[in-house]
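A.B. asks: In our numbering, the protein residues as written are 162 to 467.
Sharing a structure with you now.
See the structure below:
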């Protein structure tokens, strides 16, 4: 009959050995462990900062997609009924979220309200000087140019005004930030991996004779490897949690003291940290663990070949 109690006790003792050896190794090489944690923190904060910037740029673009609209002017030869009947055709165009009909009377009243109501410049003029128009809202402003052409092809639409330079500017900014974020994330991950593996290599180099003896007496590679994996896990966890806390503080300070007081009232609305707090924490921990474990496995690989 299988002695489950003995097996559980043995596995528990082995697990405790892994943790003990991993922690001892961290304190034995305190300076290099500290350097590894600092590198992980720095890399995660840089990656996180650019990622949060990218998320905010996407949010700003989404907000401005509701504001950066096109105006489709109706041919003046169409009757009121014919002009209003164009709404379904406009909304059927790809990338058009919705279209709002504005009669020439409504446009005329809005135009006059933007000036002094007592101004004599409107004397003798009526709403007939304007055209019916549609305010066209888009799903994706990066496709504004093509959408403008598509709407202009609708019979009864005289012309379409679109602020292409504004939409192009936002799209280019988003693409640049996304490219930089992805590139930095890849580069910094490799750097973190390199530093972590070198840190663990110092530990394994000093214990190379011990590792060789353990291999000769029959210790498995996994038994030798696990303390180093535990070491990498702990360093990765400490680095990722510290980076997360610092990232939180940096983001809050940046939003409140820089954007909130100087930029935000004019052009942008930032996302609250709570909007991505949990996903960011998960990503930081996963990356920290990945750097720690993979770095440890790479570092000890050669020393297990005896």
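The beta carbon of each residue, even a glycine, is placed where N, CA and C say it ideally should be.
Small disclaimer: the values here were computed from a predicted structure and weren't measured.
#1: Buried or exposed for residue 453, going by 16 or more other Cβ atoms inside 10 Å?
#2: Can you have a look at residue 408 and say buried or exposed, based on whether 16 or more other CB atoms are within 10 angstroms of its CB?
#3: Considering only C-alpha positions, which residue in the set 260, 434 and 261 is nearest to residue 416?
#4: Excluding the 5 residues preceding and the 5 following residue 398 in the sequence, name in chain order all residues of the same chain whose CB lies nearer than 8 Å to its CB.
#5: Between which residues of its own chain and residue 303 is the CB-CB distance below 6 Å, once the five residues before and five after are set aside?
#6: Quick check on DSSP: helix, strand or coil for residue 451?
#7: For the candidate residues 402, 335, 374 and 403, whose alpha-carbon lies nearest to that of residue 212?
#8: Please report how far the alpha carbon of residue 246 lies from the alpha carbon of residue 293, in whole angstroms.
#9: Ends of the alpha helix (DSSP H) at residue 406?
#10: Across the region 339-346 and the region 300-320, are there enough close Cβ pairs to call them in contact, namely three or more that are closer than 8 Å?
#11: Let me check one thing: in DSSP terms, what residues is residue 232 bridge-paired to?
#12: Secondary structure at residue 445, three-state DSSP: helix, strand or coil?
#13: Quick check: the Cα distance between residue 348 and residue 256, rounded to an integer number of angstroms?
#14: For residue 456, count neighbouring C-beta atoms within 10 Å of its own C-beta (all shown protein chains included) and say buried if the count is 16 or more, exposed if not.
#15: Assuming contact is defined by CB atoms lying nearer than 8 Å, are residue 305 and residue 323 in contact in what I supplied?
#16: Just verifying my parser: in three-state terms, what is the DSSP assignment at residue 314?
#17: Suppose you measure from the CA of residue 198 to the CA of residue 396; what does that come to, to the nearest Å?
#18: What residue range is occupied by the uninterrupted alpha helix (DSSP H) comprising residue 248?
#19: Span of the alpha helix (DSSP H) holding residue 243?
#20: By DSSP, does residue 263 sit in helix, in strand, or in coil?
#21: Could you tell me if residue 217 is buried or exposed, where buried requires 16 or more neighbouring beta carbons within 10 angstroms of its beta carbon?
#22: Any idea if residue 244 is buried or exposed, counting beta-carbon neighbours within 10 angstroms, 16 or more meaning buried?
#23: Which residue's Cα is closest to the Cα of residue 262: 241, 296 and 436?
#24: What's the gap between the Cα of residue 393 and the Cα of residue 437?
#25: Cβ of residue 267 within 8 Å of Cβ of residue 298?
#26: Can you name, in chain order, every residue of its own chain whose Cβ lies under 6 Å from the Cβ of residue 390, other than the five neighbours on each side?
#27: Considering Cα atoms alone, identify which of 182, 431 and 236 is closest to residue 222.
#28: Thinking C-alpha only, which one of 386, 353 and 317 is nearest residue 237?
C.D. replies: Working from what's here:
#1: buried
#2: buried
#3: 434
#4: 446, 449, 450 and 453
#5: 332
#6: helix
#7: 335
#8: 12 Å
#9: 382-414
#10: no
#11: 296 and 322
#12: helix
#13: 36 Å
#14: buried
#15: yes
#16: coil
#17: 6 Å
#18: 248-252
#19: 241-245
#20: strand
#21: buried
#22: buried
#23: 296
#24: 26 Å
#25: no
#26: 454 and 457
#27: 431
#28: 317
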